[in-house]
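Going by this note's numbering, the letters in the sequence shown line up with residues 7 to 292, in that order.
Backbone N, C-alpha and C fix where the C-beta goes; we use that ideal spot for every residue, glycine too.
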Amino acid sequence: MTLSTRFAPSPTGPLHLGHAYAAWVAADLASRERGRFQLRIEDIDQTRARAEWEAQIYLDLSWLGLEWETPVMRQSDRLSEYQRALDRLWRDGLLYPCNCNRRDILNAATAPQEGAAQSFGPDGLIYPGTCRDKPRPKTRPPDLALRLDMAQALGQAQYCFTETGRGPDGQTGDITLARDHILRNTGDVVLARRDMGTSYHLSVVVDDAAQGITTVTRGHDLFDATQIHIVLQSLLGFDVPRYHHHRLIRDDAGKRLAKRDDARAIRTYRDDGYSVSDIKTMIGLG
Ligand code: GLU
Numbered sequence: 007m008t009l010s011t012r013f014a015p016s017p018t019g020p021l022h023l024g025h026a027y028a029a030w031v032a033a034d035l036a037s038r039e040r041g042r043f044q045l046r047i048e049d050i051d052q053t054r055a056r057a058e059w060e061a062q063i064y065l066d067l068s069w070l071g072l073e074w075e076t077p078v079m080r081q082s083d084r085l086s087e088y089q090r091a092l093d094r095l096w097r098d099g100l101l102y103p104c105n106c107n108r109r110d111i112l113n114a115a116t117a118p119q120e121g122a123a124q125s126f127g128p129d130g131l132i133y134p135g136t137c138r139d140k141p142r143p144k145t146r147p148p149d150l151a152l153r154l155d156m157a158q159a160l161g162q163a164q165y166c167f168t169e170t171g172r173g174p175d176g177q178t179g180d181i182t183l184a185r186d187h188i189l190r191n192t193g194d195v196v197l198a199r200r201d202m203g204t205s206y207h208l209s210v211v212v213d214d215a216a217q218g219i220t221t222v223t224r225g226h227d228l229f230d231a232t233q234i235h236i237v238l239q240s241l242l243g244f245d246v247p248r249y250h251h252h253r254l255i256r257d258d259a260g261k262r263l264a265k266r267d268d269a270r271a272i273r274t275y276r277d278d279g280y281s282v283s284d285i286k287t288m289i290g291l292g
């Protein structure tokens with residue numbers, strides 16, 4: 007099978023050194039195996055995505071010497087695909103509407119009668135299940151968030167994936183996660199946000215399958231989200247790709263670079279006269 011990787015930036019700010027590293031990891035893996043390197047614009051958050059940032063992504067990646075397949079997949083063009091996936095999960099009785107806001111969740115999760123300490127999953131505080139047992143409407147409400155009923159969704163005793171890179175704690179090779187581990191560490195995650203009608207987790211799984219991605223490359227920060235993704239792949243009938251998590255690029259203080267670190271934007275370095283090989287050296291690829 008031809009290896010196929012992707013780089014999936016969100017056009018919500020300038021690409022920085024961390025993005026350059028992520029794009030090179032994906033592209034190098036594909037080129038070493040004479041595979042495919044695809045790009046995907048993750049712009050489901052239309053309140054933050056901007057056409058200018060998308061245009062800048064193409065300029066920056068070209069300047070870095072990367073070549074990708076066209077047409078480029080853009081998530082905002084694929085909302086009906088996400089609705090189809092949600093319809094399927096809804097029909098299978100695995101979703102429920104939720105109208106809790108952040109404060110409701112915090113209050114319920116920290117209520118004294120809960121007894122347990124609050125715990126965090128890939129999306130922050132694990133949802134305490136407030137809306138899970140409310141009567142579920144017959145048809146899917148269009149204007150509420152939808153959560154995955156994780157206890158119902160976990161149909162297997164264990165889930166497996168192959169890590170060809172390393173997780174943040176050195177996890178590598180064939181990784182097996184017990185059902186209860188996933189349940190405890192994720193809870194009922196949101197699959198459709200009220201303001202977007204989808205979510206990162208749902209869209210990424212639907213799109214990796216649609217693009218035929220065989221190796222998902224991405225940073226350590228998303229390692230814990232992988233357990234949610236392999237459950238969704240199983241529910242939606244998709245193959246589980248290989249995963250290749252890589253290190254994050256940090257600033258001098260050891261903090262992970264973020265979009266707001268404009269000083270580290272690739273464009274800023276280019277405007278200041280740095281070369282592509284300078285960038286490679288800075289991120290340890292030189
Ligand atoms: N869009 C995500 C980001 O910019 C990457 C998602 C992924 O690689 O799964 O961090």
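Just to confirm, does Val212 get its C-beta within under 7 Å of one of the non-hydrogen atoms of the ligand GLU?
In the sequence shown, residue 212 corresponds to position 206, counting from 1. No.
Give the DSSP bridge partners of Leu131, in chain order.
Against the sequence shown, residue 131 aligns to sequence position 125. DSSP lists Phe126 as partners of Leu131.
Out of Ser10, Gln62, Ala33, state which residue places its alpha-carbon closest to the alpha-carbon of Arg276.
Translated into positions along the sequence shown, residue 276 becomes position 270. In terms of CA proximity to Arg276, Gln62 leads the group Ser10, Gln62, Ala33.
Any heavy atom of the ligand GLU within a distance shorter than 7 Å of the CB on Ser281?
The count along the sequence shown starts at 1 and reaches residue 281 at position 275. No, the ligand GLU has no heavy atom inside 7 Å of this Cβ.
Would you report the Cα separation of Arg138 and Asn105, rounded to the nearest angstrom?
Working through the sequence shown from its first residue, we reach residue 138 at position 132. Working through the sequence shown from its first residue, we reach residue 105 at position 99. When the Cα atoms are used, Arg138 and Asn105 turn out to be separated by approximately 11 Å.
Measuring only the C-alpha atoms, how far is Gly127 from Asp230?
If you number the sequence shown from 1, residue 127 lands on position 121. If you number the sequence shown from 1, residue 230 lands on position 224. Going from the Cα of Gly127 to the Cα of Asp230 covers about 8 Å.
So for Leu85, helix, strand or coil by DSSP?
Here residue 85 refers to the residue found at position 79 when the sequence shown is read from its first residue. Here Leu85 sits in helix by DSSP.
Leu208 beta carbon near the ligand GLU (any heavy atom closer than 7 Å)
Within the sequence shown, the letter at position 202 stands for residue 208. Checking every heavy atom of the ligand GLU against the Cβ of Leu208, none is found closer than 7 Å.
Using 8 Å for Cβ pairs, my map puts Gly24 next to Ile255. What's the rounded Cβ distance?
For the purposes of this step, residue 24 is identified with residue 18 of the sequence shown, where counting begins at 1. For the purposes of this step, residue 255 is identified with residue 249 of the sequence shown, where counting begins at 1. Approximately 4 Å separates the beta-carbon atoms of Gly24 and Ile255; this is inside 8 Å, confirming the contact.
Can you list, in chain order, the stretches of the beta strand (DSSP E) that have 3 or more residues and sit fully within the stretch 171 to 218?
The qualifying runs are 179 to 184, 196 to 198.
Could you compute how far the alpha carbon of Ile285 sits from the alpha carbon of Ile47?
Residue 285 sits at position 279 when you count from the first residue of the sequence shown. Residue 47 sits at position 41 when you count from the first residue of the sequence shown. When rounded, the distance between both Cα atoms is 23 Å.
Unbroken alpha helix (DSSP H) run spanning Val222, endpoints
Here the question's residue 222 lines up with position 216 in the sequence shown. DSSP places Val222 in no alpha helix (DSSP H) but in the uninterrupted beta strand (DSSP E) bounded by 221 to 225.
Where Arg56 sits in the DSSP three-state scheme
Position 50 of the sequence shown, counted from the start, is the residue given in the question as residue 56. Assigned with DSSP and collapsed to three states, Arg56 falls in coil, not helix or strand.
Of all the options Leu101, Thr178, Pro174, which has the alpha carbon lying nearest to the alpha carbon of Leu241?
As a working note, residue 241 is residue 235 in the sequence shown. Of the candidates Leu101, Thr178, Pro174, Leu101 places its Cα closest to the Cα of Leu241.
If we ignore side chains and look at the alpha-carbon of each, how far apart do Ala32 and Thr170 end up?
As a first step, residue 32 is located in the sequence shown; it is residue number 26 there, counting from the start. As a first step, residue 170 is located in the sequence shown; it is residue number 164 there, counting from the start. Ala32 and Thr170: Cα-Cα distance of roughly 12 Å.
Our contact map puts Leu35 next to Leu9 with C-beta atoms below 8 Å; I'd like the distance itself, whole angstroms only.
Along the sequence shown, one-based indexing puts residue 35 at 29. Along the sequence shown, one-based indexing puts residue 9 at 3. Sure, about 7 Å apart at Cβ, within 8 Å.
Look at the alpha carbon of Glu120 and the alpha carbon of Thr136, and state the distance between them as a whole number of angstroms.
For the purposes of this step, residue 120 is identified with residue 114 of the sequence shown, where counting begins at 1. For the purposes of this step, residue 136 is identified with residue 130 of the sequence shown, where counting begins at 1. Reliability of the predicted coordinates at Glu120 is poor, the pLDDT of 48 falling under 50, and the value obtained from them is presented with this limitation in mind. Each residue's alpha carbon lies about 12 Å from the other.
Quick one: what's got a C-beta closer than 6 Å to Arg248's C-beta in the same chain, skipping five residues either side?
As a first step, residue 248 must be located in the sequence shown, where it is residue number 242. Result list for Arg248: Thr168, Thr170, Thr221, in chain order.
Which runs of the alpha helix (DSSP H), 4 residues or longer, sit entirely within the stretch 16 to 48?
Fully enclosed alpha helix (DSSP H) runs of 4 or longer: 23 to 38.
Given a cut-off of 8 Å on the beta-carbon distance, is the pair Ala184 and Gln164 in contact?
Here residue 184 refers to the residue found at position 178 when the sequence shown is read from its first residue. Here residue 164 refers to the residue found at position 158 when the sequence shown is read from its first residue. Yes, these two residues count as a Cβ contact at 8 Å.
Would you decide whether Leu65 is buried or exposed? Buried here means 16 or more other CB atoms lie within 10 Å of its CB.
Residue mapping note: residue 65 aligns to position 59 of the sequence shown, counting from 1. Its Cβ having fewer than 16 others within 10 Å, Leu65 is exposed.
Go through its chain and collect everything with a Cβ distance to Leu95's Cβ below 6 Å, but skip five positions before and after it.
On the sequence shown, position 89 is the one that residue 95 refers to. Closer than 6 Å at Cβ, skipping near neighbours: Leu101.
Residue range of the unbroken alpha helix (DSSP H) whose run includes Tyr249
Position 243 of the sequence shown, counting from 1, holds the residue named residue 249. No alpha helix (DSSP H) contains Tyr249, which is instead part of the beta strand (DSSP E) from 248 to 252.
Indicate, with yes or no, if the ligand GLU has a heavy atom lying under 7 Å from the CB of Glu39.
Counting from one through the sequence shown, the residue named residue 39 turns up at place 33. Glu39: no, Cβ never under 7 Å from the ligand GLU.
So the alpha helix (DSSP H) Thr287 belongs to, where does it begin and stop?
Locating residue 287 in the sequence shown gives position 281, counting from the first residue. Its alpha helix (DSSP H) spans residues 282 to 288.
At what residues does the beta strand (DSSP E) containing Gln164 begin and finish?
The residue labelled residue 164 in the question sits at position 158 within the sequence shown. Here the beta strand (DSSP E) through Gln164 covers 164 to 169.
Straight-line CA distance for His250 to Arg40?
Here residue 250 refers to the residue found at position 244 of the sequence shown. Here residue 40 refers to the residue found at position 34 of the sequence shown. Between the alpha carbons of His250 and Arg40 lies a distance of about 17 Å.
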